[in-house]
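Structure, as structure tokens:
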């Protein structure tokens, strides 16, 4: 049944953002699902020279880490040329730092290296523009969990189709993330827009999202102890004016594996578009969902 | 601002299903929102001769109850002719019994009495057919809570747009209703269809919906003591294969007021269509939602 898949070129992933937690999780997911991990990756300042990624089934891959500077371009170029000379599709994955988003995107464009951008922040307009202007294959998505993306798309559609359907309802939002996350959940902020359309009346202010960052409150919210260092839990509650009707929507993620799986889906999707020479070049996770090319 | 609304004919509601709990709640909602309640209503066998509906702001309306038999037709016809002679739009509301659905619909068609059918059960195909064949204005909806209808429509859309987006996820459904409700929630059963499309794989069986009908289990589920005699609580849980991601959707209704409000929305919607002489005759709650003619 899977014979047609074998026809595709094999894929090499350059996992920029190693040796971060997300980078490691992604590199492992790539290996688990049959992608090759390039032996070089961009990283931040003051990082080790290399990192070893363990495979689930034993064995490991060592990746040389290249900090900011002129070496970055040279080494990425080498990795790209090496992969291409072997008939492979090379795709960069970016889970680095908000301050590196635009610099890295410009480098990918300069090298003609297709990329999946999972890093949030930076100048998003400039990011979209540099890719669009240069016709590079890229997939940009602030949230790589495909189910959350589907749920967001659904709420967006409901809000546009039935604005005011929850007229007179009150709204409460609580989100919990590992203590290292300083800002408010981007997903929760996006949901506020849709929920405000649904309820009408006085808009809910994103400042009123309840952020949990202390372990005691997080455990009271239901987060298991072993997930305190990496989780993304969200609860949205809509309550009718008289209190007789309550709607509650939750999406609770422990760890980073589901995002890493989504990244591999995104890389495979982009590689398939490159392989077929698609006209469209710039994608997001909705395109991946619609294509149904998911595991 | 509300001047254009005054141009509409006023509306008389025949609240068939009095003196049941739902009928009373609807009659009260009609009076609260400025509709007239007809002084006659169809009821079941062995019911009292009349019922008094209390208004929220004092005062009351007495309604004569007509059991099954030849009197039903005569009295409904009188109510219809009386309302029309006064330039009013008369609409029947049906919250009776599954066994009366088709008989009542045929009577409404015979009299040319537009109706809102909230009673579930009976032969649904025959119900739709008799209305369509005769071009009578009618609104048929097994669930009158507009927010639940919007949520169902959203899940339906998500399932059609992104089938398999929740591939590998497990599903659990728990619903709680007052102990008098013998069958499984129709809303939960409808949701199973959408959720099965989303998760793919082995389909979830409606037989596996967990039904709570005992007060102890209901209160453990969170139902307040004062809502034990009338509530509709639903929780749908989707969990990823590795357990790291959980989605939970809840819609919890205490009492019957939100349904009664939805019925009044439906009656007002249908009266507006009659008033403007719309080409389309047969509607459901999605039409009401889309029209945005809601309170």
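Residue numbers (my numbering), protein chains in the order written: chain A, 17 to 311; chain B, 17 to 311. Think of the CB as a built atom: it goes at the ideal place given N, C-alpha and C, for glycine as much as any other residue.
Using a threshold of 8 Å, state whether the C-beta atoms of residue 106 of chain A and residue 96 of chain A are closer than that. yes
Quick one: what does DSSP say residue 160 of chain A is sitting in, helix, strand or coil? coil
At a Cβ threshold of 8 Å, is residue 267 of chain A touching chain B? yes
Chain-ordered chain A contacts of residue 273 of chain B [CB-CB under 8 Å]: 258, 260
With DSSP as the reference, please indicate the residues paired to residue 106 of chain B in a beta bridge. B:28
At 3 residues or longer, and completely inside the stretch 97 to 145 of chain A: list those beta strand (DSSP E) runs for me, N to C. 105 to 110, 131 to 133
Closer than 8 Å by beta-carbon distance: list the chain A residues that pair up with residue 167 of chain B, in chain order. 174, 263
Closest by CA to residue 277 of chain B, which one among B:163, B:63, B:127? B:163
Could you tell me which residues DSSP puts in a beta bridge with residue 186 of chain A? A:255
Nearest-angstrom Cβ-Cβ length linking residue 58 of chain B and residue 154 of chain B, presumed shorter than 8 Å: Contact flag wrong, Cβ pair sits at about 16 Å.
Report all residues from its chain with a CB closer than 8 Å to the CB of residue 233 of chain B; omit the five preceding and five following residues, and keep chain order. 192
So, with DSSP's three-state summary, where would you put residue 202 of chain B? helix
In whole angstroms, what separates the C-alpha of residue 238 of chain A from that of residue 259 of chain B? 14 Å
Three-state secondary structure (DSSP) at residue 61 of chain A? coil
Going by C-alpha distance, which of A:242, A:217, A:216, A:204 is nearest residue 224 of chain A? A:204
I'd like to know whether the C-beta atoms of residue 37 of chain B and residue 55 of chain B end up nearer to each other than 8 Å. no
Beta-bridge pairing of residue 90 of chain B - partner residues as DSSP gives them: Answer is none; residue 90 of chain B lacks a bridge partner.
With DSSP as the reference, label residue 66 of chain B as helix, strand or coil. strand
Strictly below 9 Å CB to CB, what residues from chain B border residue 170 of chain A? 170, 171, 173, 174, 177, 178
Min CB distance residue 46 of chain B to chain A below 8 Å: no
Looking at the secondary structure, which residues open and close the alpha helix (DSSP H) in which residue 47 of chain A lies? 37 to 48
6 Å Cβ shell around residue 304 of chain B - same chain, five flanking residues per side excluded: 281, 282, 285
To which residues of the same chain is residue 127 of chain A closer than 8 Å at the C-beta, ignoring the five residues directly before and after it? 89, 92, 93, 96
Reference residue 118 of chain B, options B:156, B:103, B:100, closest by Cα: B:156
Terminal residues of the continuous alpha helix (DSSP H) containing residue 292 of chain A? 273 to 292
Cross-chain neighbours of residue 182 of chain B in chain A, by beta carbon under 7 Å: 163
Quick one: Cα of residue 4 of chain B to Cα of residue 247 of chain B, how far? Outside the modelled stretch of chain B, which goes from 17 to 311, sits residue 4 of chain B, for which no answer is possible.
For residue 219 of chain A, which residues from the same chain have a beta carbon less than 6 Å from its beta carbon, with the 5 sequence-adjacent residues on both sides left out? 212
Quick check on the burial criterion: 16 or more other C-beta atoms within 10 angstroms. Buried or exposed for residue 110 of chain A? buried
With the cut-off set at 8 Å, would you say residue 53 of chain A and residue 27 of chain A are in Cβ contact? no
Would you identify the three-state DSSP class for residue 242 of chain A, choosing helix, strand or coil? helix
Quick test of your reading: residue 214 of chain B and residue 179 of chain B, contact by CB under 8 Å. State the CB separation rounded to the nearest angstrom. 7 Å
In angstroms with no decimal places, state the Cα-to-Cα distance between residue 236 of chain B and residue 240 of chain A. 22 Å
Does the beta carbon of residue 308 of chain B come closer than 8 Å to any beta carbon on chain A? yes
Work out the CA separation of residue 114 of chain A and residue 84 of chain A for me, nearest whole Å. 14 Å
Which residues in the same chain as residue 161 of chain A place their Cβ atom closer than 6 Å to its Cβ, once the five residues preceding and following it in sequence are excluded? 274, 275, 278
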